[in-house]
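Taking UniProt numbering, the leading residue of the sequence shown gets 1, the next gets one more, and so forth.
Structure, as structure tokens:
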Amino acid sequence: MTDANSNLSGNQRRKMKSASRLYAVQALFQMEHSAQTIDKVTAEFMNYRFGETYDGAEMIDGDISHFKMLVEVAVEKQVEIDKLTDRALVARWPLGRIDPTLRALFRAAGVEILGSDTPPRVAITEYVDVARAFFDDGDEPKFVNAVLDHMAKTAKPDAF
């Protein structure tokens, strides 16, 4: 488990930030499906998931501060983020009807689209990559791209 460290290269810090996005989606999914508290889930990820080995592959450490910010703000602003997401979805597909992994992804991405220093285009690209990690053979990454593009253009139209 490594926090942002000045000894790391810029590329390594970017990889850690990207990993923290994936971990945040997993944590938000876990919280929704297990009714675990934010404190319990974030502690589990920081203590047992960051940098662990799964199926022979070592997971990269995440940027702890970015991970915690994503999860905390997603929970704090869930209603606002969900409303923005609902407006981006087709009327017949309300947020409650979509895959729970995508719901978690939209909540984490919504944090960065609504209020972080991350440029919206960067956030979209990063979360489309997260979608590919979960749905590498499906159309979900294209769906995520379209929804996040709509969310970003609604929330920050001057960025386009």
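Beta carbons are placed, not taken as given, at the ideal position from N, Cα and C, and that holds for glycine.
Being a predicted model, the structure only gives us computed values, none of them experimental.
key: Cβ contact (3+ pairs, closer than 8 Å) linking the stretch 28-39 and the stretch 112-129   = no
message = Below 8 Å on the Cβ atoms is my contact criterion, and I expect Val130 with Val25 to pass it. Report the Cβ-Cβ distance as a whole number of Å.
response = 6 Å
ask   = Under 8 Å between the Cβ atoms of Gly62 and Ile81?
value = no
query = Cβ of Leu70 within 8 Å of Cβ of Ser20?
reply = yes
query = When the Cβ atoms of the stretch 92-99 are set against those of the stretch 40-55, are three or more pairs found closer than 8 Å?
reply = Flag = no, the stretch 92-99 and the stretch 40-55 do not touch.
query = Whole alpha helix (DSSP H) runs in the UniProt domain "NusB/RsmB/TIM44" (19-153) with 4 or more residues, listed along the chain?
reply = Whole alpha helix (DSSP H) segments, 4+ residues: 38-44, 64-76, 78-88, 100-115, 120-134.
query = Does DSSP put Lys156 in a helix, in a strand, or in coil?
reply = coil
query = Short check: CB of Ala123 to CB of Glu140, under 8 Å?
reply = no
key: Beta-carbon contacts of Asp86 that lie in its chain and below 7 Å, excluding the five residues immediately before and after   = Its chain contains Pro94, Leu95 as the residues whose beta carbon lies nearer than 7 Å to that of Asp86, once the 5 sequence neighbours on both sides are disregarded; these appear in chain order.
message = Below 8 Å on the Cβ atoms is my contact criterion, and I expect Arg103 with Ala74 to pass it. Report the Cβ-Cβ distance as a whole number of Å.
response = The Cβ separation is near 10 Å, so there is no contact.
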